[in-house]
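If you want the numbering used here, it's the 1-based position in the sequence shown plus 138.
Backbone N, C-alpha and C fix where the C-beta goes; we use that ideal spot for every residue, glycine too.
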Amino acid sequence: MRRALTEGRSYASRRAAYERAKAAGEDVAPFRRDVRLEALADILDGDIWVNCHCYRADEILRLLAVAEDFGFRIAALHHVLEGYRVMPEIARHGCGTATFADWWAYKIEAYEAVPQNAGMMLRYGINSTIKSDSGDLVRHMNMEAAKCMHASDLTPNEALRLITLNPARLFGLDDRLGSIEVGKDGDIAVFDGHPLDSFSRCVMTLVEGEVYFTHPEFDPDDPPAPRPIRSFDHAGAAWKDAKGKTPLTINARDDAAVETDNLSYAIINGTVHPVSGPPIAGGVVLIDDGKIRAVGRNLTIPAGATVVDATGLHVWPGLINAGTTVGMHEIGQVSVTVDTNEPGTYQPDVRAVSAVNPHSAMIEVTRAAGVTTAVVLPGGPTVAGQAGVIHLSGWTLPEMLEESEIGLVVSLPSASPEPVREVESSQRGGHAGGGDASDDEGPLVELEEFIRNARLYAEAAQSDEHFERIVYTS
Numbered sequence: 139m140r141r142a143l144t145e146g147r148s149y150a151s152r153r154a155a156y157e158r159a160k161a162a163g164e165d166v167a168p169f170r171r172d173v174r175l176e177a178l179a180d181i182l183d184g185d186i187w188v189n190c191h192c193y194r195a196d197e198i199l200r201l202l203a204v205a206e207d208f209g210f211r212i213a214a215l216h217h218v219l220e221g222y223r224v225m226p227e228i229a230r231h232g233c234g235t236a237t238f239a240d241w242w243a244y245k246i247e248a249y250e251a252v253p254q255n256a257g258m259m260l261r262y263g264i265n266s267t268i269k270s271d272s273g274d275l276v277r278h279m280n281m282e283a284a285k286c287m288h289a290s291d292l293t294p295n296e297a298l299r300l301i302t303l304n305p306a307r308l309f310g311l312d313d314r315l316g317s318i319e320v321g322k323d324g325d326i327a328v329f330d331g332h333p334l335d336s337f338s339r340c341v342m343t344l345v346e347g348e349v350y351f352t353h354p355e356f357d358p359d360d361p362p363a364p365r366p367i368r369s370f371d372h373a374g375a376a377w378k379d380a381k382g383k384t385p386l387t388i389n390a391r392d393d394a395a396v397e398t399d400n401l402s403y404a405i406i407n408g409t410v411h412p413v414s415g416p417p418i419a420g421g422v423v424l425i426d427d428g429k430i431r432a433v434g435r436n437l438t439i440p441a442g443a444t445v446v447d448a449t450g451l452h453v454w455p456g457l458i459n460a461g462t463t464v465g466m467h468e469i470g471q472v473s474v475t476v477d478t479n480e481p482g483t484y485q486p487d488v489r490a491v492s493a494v495n496p497h498s499a500m501i502e503v504t505r506a507a508g509v510t511t512a513v514v515l516p517g518g519p520t521v522a523g524q525a526g527v528i529h530l531s532g533w534t535l536p537e538m539l540e541e542s543e544i545g546l547v548v549s550l551p552s553a554s555p556e557p558v559r560e561v562e563s564s565q566r567g568g569h570a571g572g573g574d575a576s577d578d579e580g581p582l583v584e585l586e587e588f589i590r591n592a593r594l595y596a597e598a599a600q601s602d603e604h605f606e607r608i609v610y611t612s
């Protein structure tokens, strides 16, 4: 996306320069139009609204980050099944959402969807709507909205907004659609009861004032008595503000918030192994606001600190895995859970950290073995991309990220091994290795040429993001 949008931004700049020159009456050559770049330029100018398909929280955040870096807003996130995990970021960005009422686990990306998703986002202040890809469920959107009222303690009016006014806002049509107001289109649905009542049915549908559907049993000249309207007697739940909730403030086992005002800890009576010095028997480690403040014996424990008695235990620095794909590789037989490689031989601008899923089960398992920090590596045939450093804690990648670029991962081509025994020259097909020497040297020559081009780029200072990352290896 960044490569494409960089090209689109360059195109928009050239297009604007041409239009200024043309308006000034200058004699300029005709501007060469590119329909692909034209659309990207219009996105950057805000003339095309972006509606994006997504599932997991990590991919939602990556998308929002790209849009904000390039100065445009995502209009709508579709499906957005893990939106509940990143509500503050979605609300801050200002995009709307269109999710399912209760679909989950139909694919691995939907495994952690929850039926409270739409209601939670609505209560957080996001323009939340529900949708359906199903040709069957699309006929029963009122029942889908009723599910949200049940799952999220919404009021009837809030539930109905999910399928009326909010979708109209999502697409910038709320001046015409979504509510019954003077001047809006005459799009009306007539029910014989409350639309959230499963026994009610639609008896008439009007589009722009014209009747398009009438139930066979409904006579407008002699309508039957309507079904009693259920009041539901529901005021909605008082949701707590979800800002700041992280794995450190939510107990995953019982979903209960834990106290987080006190961030001071004292580990006492353990054998402390600083690694940089000799062990300290009966040592004390004081931690405050995420930093080690003191290490030694007979230290004064600050008032209010949480004390952890480590009698008989050993305290070591958190382990560091200096090269792994944790968070990028989940289940080998399920390809959608493996995000370690990008297609292409030369990908110097790819960052491995962008593929990390903070909610990967592998991270929890790795933490349980004492590993607190990891260097994540991208895979690829030659120039794979940038390695990064993450802490194995955090609800989102920004909370986990230590360094996004610590080095370029390159796989140098190697020559074919020499044969164990001599073979006849007629069987070799060339040199002693059994093939043409150029077959082994070709990839290395290509890599050298790529790095040479990077040096030329640095000297010429041309704008091509594809080469910007490779410069630092020269």
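Cβ-based burial, residue i [other Cβ within 10 Å; buried from 16]
i	result
Q524	buried
L178	buried
Q471	exposed
T438	exposed
T504	buried
I463	Per the sequence shown, the amino acid found at residue 463 is Thr instead of Ile. Classification for T463: buried.
L215	buried
G465	buried
V396	Confidence at V396 is low in this model, with a pLDDT of 41, below 50, so its placement is unreliable and no value can be given for it.
L451	exposed
D313	exposed
D392	A caution first: D392 carries a pLDDT of 41, below 50, which makes its placement in the model unreliable, though a value can still be read off. So D392 ends up on the exposed side.
I367	exposed
I406	buried
Y193	buried
L153	First, the residue type needs correcting, since residue 153 is Arg and not Leu in the sequence shown. Buried is the call here.
D274	exposed
E296	buried
Where residue i sits in the DSSP three-state scheme
i	result
V138	Here the chain has residues from 139 to 612 only, and residue 138 is not among them.
R391	Here the model assigns R391 a pLDDT of 39, short of 50, so the residue's position is not dependable, and the following value carries that caveat. If DSSP states are grouped into helix, strand and coil, R391 belongs with coil.
I589	helix
A327	strand
I458	strand
L303	helix
E541	strand
S148	helix
A205	helix
L546	strand
A213	strand
V320	coil
V614	The question about residue 614 has no answer here: the residues shown for the chain are numbered 139 through 612.
G532	coil
E597	helix
M139	coil
E584	helix
E348	strand
A363	coil
A525	strand
Cutoff 8 Å: residue i Cβ touching any chain B Cβ
i	result
P455	Here there is only one protein chain, and chain B is not present.
Test item: CB-CB of residue i and residue j under 8 Å
i	j	result
L303	G321	no
T475	V224	no
M279	S270	yes
A89	L530	The requested residue 89 is not part of the displayed model; the chain covers only 139 to 612.
V514	V494	yes
E206	A239	no
T409	V453	yes
P362	L334	no
G434	E480	no
D172	Y156	no
A522	V547	yes
F208	L182	yes
L594	T520	no
P536	P581	no
Own chain residues within Cβ distance below 6 Å of residue i, not counting five before or after
i	result
A432	L424
L457	G508 and V509
A251	L219 and W242
Q254	A289 and S290
Residues near residue i in its chain [Cβ-Cβ closer than 8 Å; skip 5 each side]
i	result
E346	D323, G324 and D325
T267	G234, T235, A236, T237, A256, L300, I301, N304, P305 and L308
F337	G331 and R365
Residue i: CB within 7 Å of a non-hydrogen atom of the ligand PLP
i	result
Y484	As for the ligand PLP, it is missing from this structure, which has no ligand bound.
Residues of its chain near residue i, where Cβ-Cβ distance is below 7 Å and the 5 sequence neighbours each way are ignored
i	result
A229	Y262, G263 and I264
E227	L199 and L202
Can you list, in chain order, the stretches of the alpha helix (DSSP H) that have 4 or more residues and sit fully within the segment 168-201? 173-183
Length-filtered (3 minimum) beta strand (DSSP E) runs lying within the segment 221-301: 234-237 and 266-268
Which full runs of the alpha helix (DSSP H) of 4+ residues lie inside the segment 417-459, going along the chain? none
Going along the chain, which unbroken runs of the beta strand (DSSP E) with 3 or more residues stay wholly within the segment 456-522? 457-462 and 509-514
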